[in-house]
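Asker: Note that my numbering has the sequence shown beginning at -1, numbered continuously upward. Cβ atoms here follow ideal geometry from the backbone N, Cα and C, with glycine treated the same way. Once you've had a glance at the structure underneath, I'll fire off some questions.
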Amino acid sequence: MKDTSAFAKAHSEPKKISVAFYNLENLFDTEDDPNTLDDDFTSDGFKNWNGKRYANKLNKLSRVIAKIGHKETDEVPVLLGVAEVENKDVLQSLIATKALKDLGYDVVHYDSPDERGIDVGLLYRKENFQVLESETISVYLESEFGQQDYTRDILHVTGHLMGVKTHILVNHWPSRRSGVEESEPKRIIAAQKNRMIIDRIQEQKPEARIIVMGDFNDGPHNESIKNHLVQKDLYNPMVFLNTRYEGSLNHDFEWYLFDQIILSANFMRLHENPLRYNKSDIYNEHHLTEFRGRFKRNPFRTYAGKRYLGGYSDHFPVYCIFEHHS
């Protein structure tokens, strides 16, 4: 008699997991840090930030996080890189919210020298990702006057993702505030720093699994990403997501895909691959958008200048789906 249970097990569907990135748009607590320029986000500050607004933002963000990739996996993300967080405490408060507190999340975070005090971090589900080591790597920039221009560090976390050793690099590259062309050299330097880390990893293990994620303040086709970061050892699935009608953020009525997740090419291998890339997407469900007015369908943000809107973030999250073959 045929062993149907063994046959079914051998041909069972692989488990799907999601890995995501989300710029949380100024996730500050309400306390004044004398060492950073966080004064706007205090009760006496420009934005009248307070405990009620902070709690509202935490709860809204947590409900979004719990739904990223859920349609494909029936679960929450196993990894979530984040940007624009003030400190480790805000991340601990985020995973302690009602929507996330029972899901087994923990955080990796280091303070970086950014003048506003905003950093990157990594949320991970302990049952799916076991941290082996972590470090923070600074990006040295200079202003036009030859002084050091402080920016966010790169977070490098190494761990076992579904049992597969994986390196995660979380980024938030210099903004375009001073102009696209003027600021581009700084993002190229950040890209080159990532390449240096990747090359160092691959010197020790050529087949290392690497995930580079972040708010790069450049799109998939910009110089920093296309020519300085993504080489033949990396694959950027996000190139297909940015269109005239869709992106992760909108500026002056134009869509951009600054938020990206870039993978080492070995995630694409079709055979004998325990953790295989499946698809990518932007999590831009209707409730995350402006419902009406001239900014309809844009991300529903927390503030528009000084005006409090009470939304989520000025960015949509992005995510990748992987198939785990046990």
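Around the Cβ of residue 243, are there at least 16 other Cβ atoms within 10 angstroms (buried) or fewer (exposed)?
Answerer: exposed
Asker: Would you report the Cα separation of residue 265 and residue 292, rounded to the nearest angstrom?
Answerer: 41 Å
Asker: Output the distance between the C-alpha atoms of residue 30 and residue 126, rounded to the nearest integer angstrom.
Answerer: 36 Å
Asker: By DSSP, does residue 7 sit in helix, in strand, or in coil?
Answerer: Here the model assigns residue 7 a pLDDT of 46, short of 50, so the residue's position is not dependable, and the following value carries that caveat. In the structure shown, residue 7 adopts helical secondary structure according to DSSP, grouped into three states.
Asker: Identify, in the order they occur along the chain, each residue of the same chain with its Cβ nearer than 6 Å to the Cβ of residue 277, setting aside the five sequence neighbours on each side.
Answerer: Hits under 6 Å: 319.
Asker: Going by the DSSP bridge assignment, what does residue 297 pair with across the sheet?
Answerer: Residue 297 pairs with 287.
Asker: Is the number of C-beta pairs between the stretch 86 to 102 and the stretch 299 to 319 that are closer than 8 Å three or more?
Answerer: Result no; under three Cβ-Cβ pairs closer than 8 Å.
Asker: Could you check whether the stretch 45 to 60 touches the stretch 256 to 276, counting it as contact only if at least three pairs of C-beta atoms, one from each stretch, sit closer than 8 Å?
Answerer: no
Asker: Please report the residue range of the alpha helix (DSSP H) in which residue 52 lies.
Answerer: 49 to 63
Asker: Would you kindly check if the distance between the Cβ of residue 104 and the Cβ of residue 129 is under 9 Å?
Answerer: yes
Asker: How is residue 240 classed by DSSP in three states: helix, strand or coil?
Answerer: coil
Asker: Ignore the nearest five residues each way along the sequence and tell me which others in residue 228's own chain have a CB closer than 7 Å to its CB.
Answerer: 234, 260
Asker: Is any beta-carbon of chain C found at less than 9 Å from that of residue 26?
Answerer: Going by chain labels, chain C is absent from the structure shown, which holds only one protein chain.
Asker: Any contact between the stretch 181 to 195 and the stretch 214 to 229? By contact I mean 3 or more CB pairs, one from each, below 8 Å.
Answerer: Taking 8 Å as the limit for Cβ pairs, the verdict is that the stretch 214 to 229 does touch the stretch 181 to 195.
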